[in-house]
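Below is one structure, written out as structure tokens; comments come after it.
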Amino acid sequence: MTVNQLYTQKLMTAKEAVHHIGPEEDLITPIMAGEPPLLLNELANSQNLKDNRLFQMLSPYGVLTLPENRLKTVSMFMGASERKAFQEGKIDLLPNHFSNVPDLLKEITRNHAVLAVVSPMDEKGYFSLGTNSDYVYEMSKTARTVLLEVNEYMPRTYGENQIHISDVTALVENHRPLPESPEMRISEKDEKIAGFVADLIQNGDTLQIGFGSIPGAIMNF
Numbered sequence: 041m042t043v044n045q046l047y048t049q050k051l052m053t054a055k056e057a058v059h060h061i062g063p064e065e066d067l068i069t070p071i072m073a074g075e076p077p078l079l080l081n082e083l084a085n086s087q088n089l090k091d092n093r094l095f096q097m098l099s100p101y102g103v104l105t106l107p108e109n110r111l112k113t114v115s116m117f118m119g120a121s122e123r124k125a126f127q128e129g130k131i132d133l134l135p136n137h138f139s140n141v142p143d144l145l146k147e148i149t150r151n152h153a154v155l156a157v158v159s160p161m162d163e164k165g166y167f168s169l170g171t172n173s174d175y176v177y178e179m180s181k182t183a184r185t186v187l188l189e190v191n192e193y194m195p196r197t198y199g200e201n202q203i204h205i206s207d208v209t210a211l212v213e214n215h216r217p218l219p220e221s222p223e224m225r226i227s228e229k230d231e232k233i234a235g236f237v238a239d240l241i242q243n244g245d246t247l248q249i250g251f252g253s254i255p256g257a258i259m260n261f
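Start counting the sequence shown at 41; every next residue gets the next number (my numbering).
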């Protein structure tokens, strides 16, 4: 069977795709833009869920909260919506060092599934995880289920982030612009703080910059 024939065979609706997820299966999604909105929206309607867990990191679409006996969301990095849900007791937090996430997930997950956005398939049958060469590629190699959301807006990148059509359980198509973090409004206080920080930075220093108005203000110096 050719790779195009395999693609056609595995292409289905989101409802059909999430039906492949069984009870007590742990679900893993990439960080930010790699999270598949169509599959996750349909997941909320699935009747197969029972004691499942969803591992997310900085979701751009908000937190999926269902009755705990169906699905428990576990955040590995919290944004604003995750912090609120955590404070309300609706989700769990899994503390981690980012570089250790694959080993951590291998240790604690059960019969795991990977759900991810990918770039369109190439002529050899490979999808690229695009912006997300993170823990998901490593987890896809041992996943019981691999569900992909093909999006032409996801750029093709190279390296150890390629998934072959033969390793895919099911796929859907959902072409939409990738989510972006909004530009933070910088206040006078932020600029003042950034000035103090900038004075501490020496030529040749390596900087790690996160999200937020203060990091943005620092980068303006």
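Every residue, glycine too, gets a C-beta built ideally from N, C-alpha and C. Please read these numbers as outputs of a predicted model, since none were measured by experiment.
Asked, Found
"Contact belief for Met116 with Asn85 at Cβ below 8 Å, rounded distance in angstroms", "That pair is no contact at about 25 Å."
"Candidates Arg110, Ser99, Pro70, of which the one nearest Glu89 by Cα", "Note on residue identity: the sequence assigns Leu, not Glu, to residue 89. Taking only the C-alpha atoms, the option nearest Leu89 is Arg110."
"Local conformation of Lys112 per DSSP, three classes", "strand"
"Cβ contact (3+ pairs, closer than 8 Å) linking the segment 209–220 and the segment 232–246", "no"
"contact_flag[the segment 45–63, the segment 136–148] where n(CB pairs < 8 Å) is 3 or more", "no"
"Meets three-Cβ-pair contact criterion under 8 Å: the segment 122–137 and the segment 162–171", "no"
"Of the residues Glu220, Ser99, Asn214, Val141, the one placed nearest Glu122, counting alpha carbons only", "Ser99"
"Opening and closing residue of the alpha helix (DSSP H) in which Leu144 lies", "141–148"
"Cβ neighbour criterion (16 or more within 10 Å) applied to Ala120", "exposed"
"Buried/exposed call for Tyr175, threshold 16 Cβ in 10 Å", "buried"
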